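**Student:** Our numbering puts the first residue of the sequence shown at 1, with every later residue one more than the last.
Idealized CB from N, CA, C, for every residue including glycine.
Quantities reported herein were computed from a predicted structural model and do not represent experimental measurements.
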Amino acid sequence: MKMTMKLAVATISGVLLFCSMNLAAEAASSRVVRDVTLKTAAAEPKAMSEGEKLEKAEQERIDKLLEKNPDDTYIIYVSKELKKNKNEQEVYFMGNFNPRFDTYEAYYKFASKLKEAVPQRPADLPKGYTLAEAIIISPLGPKDLVAMKAEAKKLGKQIHSKKINWTKSDFIVLTYTNGKNEIKLSSGAVKEKDKKEKNYVYKSAKDIEKENPNLAPAIKKITYKNQISWNESGKGFWISTNPENPLTKEDMIKLAKTMVKK
1 MKMTMKLAVA
11 TISGVLLFCS
21 MNLAAEAASS
31 RVVRDVTLKT
41 AAAEPKAMSE
51 GEKLEKAEQE
61 RIDKLLEKNP
71 DDTYIIYVSK
81 ELKKNKNEQE
91 VYFMGNFNPR
101 FDTYEAYYKF
111 ASKLKEAVPQ
121 RPADLPKGYT
131 LAEAIIISPL
141 GPKDLVAMKA
151 EAKKLGKQIH
161 SKKINWTKSD
171 FIVLTYTNGK
181 NEIKLSSGAV
191 KEKDKKEKNY
201 VYKSAKDIEK
211 ENPNLAPAIK
221 KITYKNQISW
231 NESGKGFWIS
241 TNPENPLTKE
251 DMIKLAKTMV
261 KK
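1. For GLY234, which of TYR224, LYS254 and VAL190 has the nearest alpha-carbon?
2. Could you tell me if ALA123 is buried or exposed, where buried requires 16 or more neighbouring beta carbons within 10 angstroms of its beta carbon?
3. Would you list the residues sitting across from ALA132 in a DSSP beta bridge?
4. Leaving out five residues before and five after ASN231 in sequence, what residues of the same chain have Cβ atoms less than 6 Å from its Cβ?
5. Quick check on the DSSP output: the beta strand (DSSP E) that includes LYS162 runs from which residue to which?
6. Which residues bound the beta strand (DSSP E) around GLN227?
7. I'd like to confirm the pairing. Which residues does DSSP put opposite GLY95 in its beta bridges?
8. Suppose the cutoff is 7 Å on Cβ atoms and the five residues either side in sequence are ignored; what does the same chain contact list for GLU55 look like?
9. According to DSSP, what are the bridge partners of THR241?
10. Compare the Cα-Cα distances from THR73 to each of PHE97, ALA218 and ALA147 and report the closest residue.
11. Just how far apart, CA to CA, sit ASP102 and THR130?
12. Note down the Cα distance separating LYS64 from ALA57, rounded to an integer number of angstroms.
13. In whole angstroms, what is the alpha-carbon distance linking ILE239 and GLU151?
14. Going by beta carbon distance, what residues of the same chain come within less than 7 Å of GLY95, once the five residues before and after it are set aside?
15. Taking the straight line between their C-alpha atoms, what separation do you get for ALA106 and SER112?
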């Protein structure tokens with residue numbers, strides 16, 4: 001059980017660190033090619049090569065599709081042969097591939113379309129807590145970029161794009177705040193061997209600090225939390241609160257019992 005909890009703590013920390021520090025960078029890197037292309041086109045329309053014109057036209061076509069269906073996700077391949085800057089990435093995403101929400105209604109509408117269990121607002125959420133942010137991390141990643149490039153080459157295309165219908169998430173984090181207090185409701189994909197249902201496992205922030213005393217400051221901030229974890233419906237779920245939060249272990253278990261939408 002001790003080893004299981006250590007793994008759970010590591011997973012929670014990884015999820016929160018990813019969401020708080022890397023999401024913006026990932027989204028930026030995925031859009032950088034199209035942003036640079038469009039800005040360059042606006043500044044120097046006469047200097048555009050034929051390849052850049054083709055890429056711009058494809059981006060504009062997808063932008064029009066996204067105007068009608070903003071929740072869709074597209075993946076685009078543009079061969080380096082068409083680019084002036086050969087260091088630009090060849091494959092990137094457009095659309096809502098890692099969506100963020102500032103209202104629960106918007107989050108719930110999107111999350112309800114996923115074919116998996118997802119976090120929802122618990123029936124017994126304490127009064128005064130409001131949603132600060134919800135983040136859904138899609139399962140899209142490097143493997144999809146590699147596969148898209150291979151597909152384009154197989155088809156003999158220098159520009160290739162398609163819509164991706166993803167129906168499962170990699171991570172989900174809902175952050176509720178009430179003044180200085182915070183409650184995070186999270187879920188994440190787990191390996192097949194770990195999908196067995198597990199009971200609620202609780203660790204206080206002090207216990208976690210004792211077991212992990214030498215963490216970097218940025219990691220301490222997101223790791224030293226009161227946490228409860230469990231597996232349900234083939235996924236891992238977590239609730240974490242700030243160390244000073246008055247919610248007890250029993251309170252958190254009560255929240256957990258109505259937190260999962262199946």
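**Tutor:** In terms of the structure at hand:
1. Taking the sequence shown and counting its residues from 1, the one referred to as residue 234 is at position 234. For GLY234, the nearest C-alpha among the options comes from VAL190.
2. Taking the first residue of the sequence shown as 1, we reach residue 123 at position 123. Residue environment analysis places ALA123 among the exposed positions, since fewer than 16 neighbouring C-beta atoms fall within 10 angstroms of its C-beta.
3. Working through the sequence shown from its first residue, we reach residue 132 at position 132. Paired residues: none, contrary to the question.
4. Working through the sequence shown from its first residue, we reach residue 231 at position 231. Around ASN231: GLU197 and LYS198.
5. As a first step, residue 162 is located in the sequence shown; it is residue number 162 there, counting from the start. Taken as a continuous stretch (DSSP letters only), the beta strand (DSSP E) holding LYS162 covers 159-164.
6. Within the sequence shown, residue 227 is the residue found at index 227, counting from 1. For GLN227, the enclosing beta strand (DSSP E) starts and ends at 226-232.
7. As a first step, residue 95 is located in the sequence shown; it is residue number 95 there, counting from the start. Listed as beta-bridge partners of GLY95 by DSSP are THR73.
8. Mapped onto the sequence shown, residue 55 falls at position 55. The residues THR37, VAL78, LEU82 and ILE159, in chain order, have a CB closer than 7 Å to that of GLU55 in the same chain once the five nearest residues on each side in sequence are set aside.
9. Residue mapping note: residue 241 aligns to position 241 of the sequence shown, counting from 1. As computed with DSSP, THR241 is found in a beta bridge with ILE183 and ASN226.
10. As a first step, residue 73 must be located in the sequence shown, where it is residue number 73. Of PHE97, ALA218 and ALA147, the residue nearest in Cα terms is PHE97.
11. Numbered from 1 along the sequence shown, position 102 holds the residue referred to as residue 102. Numbered from 1 along the sequence shown, position 130 holds the residue referred to as residue 130. It is roughly 10 Å from the alpha-carbon of ASP102 to the alpha-carbon of THR130.
12. Residue mapping note: residue 64 aligns to position 64 of the sequence shown, counting from 1. Residue mapping note: residue 57 aligns to position 57 of the sequence shown, counting from 1. Computed Cα separation, rounded: 11 Å.
13. Sequence index remark: in the sequence shown, residue 239 carries index 239 (1-based). Sequence index remark: in the sequence shown, residue 151 carries index 151 (1-based). If I take the Cα positions, the gap works out to 40 Å.
14. Along the sequence shown, one-based indexing puts residue 95 at 95. These residues qualify, in order along the chain: LEU66, ASP72, THR73 and TYR74.
15. Here residue 106 corresponds to residue number 106 of the sequence shown, with the count starting at 1. Here residue 112 corresponds to residue number 112 of the sequence shown, with the count starting at 1. Approximately 10 Å, taken between the alpha carbons.
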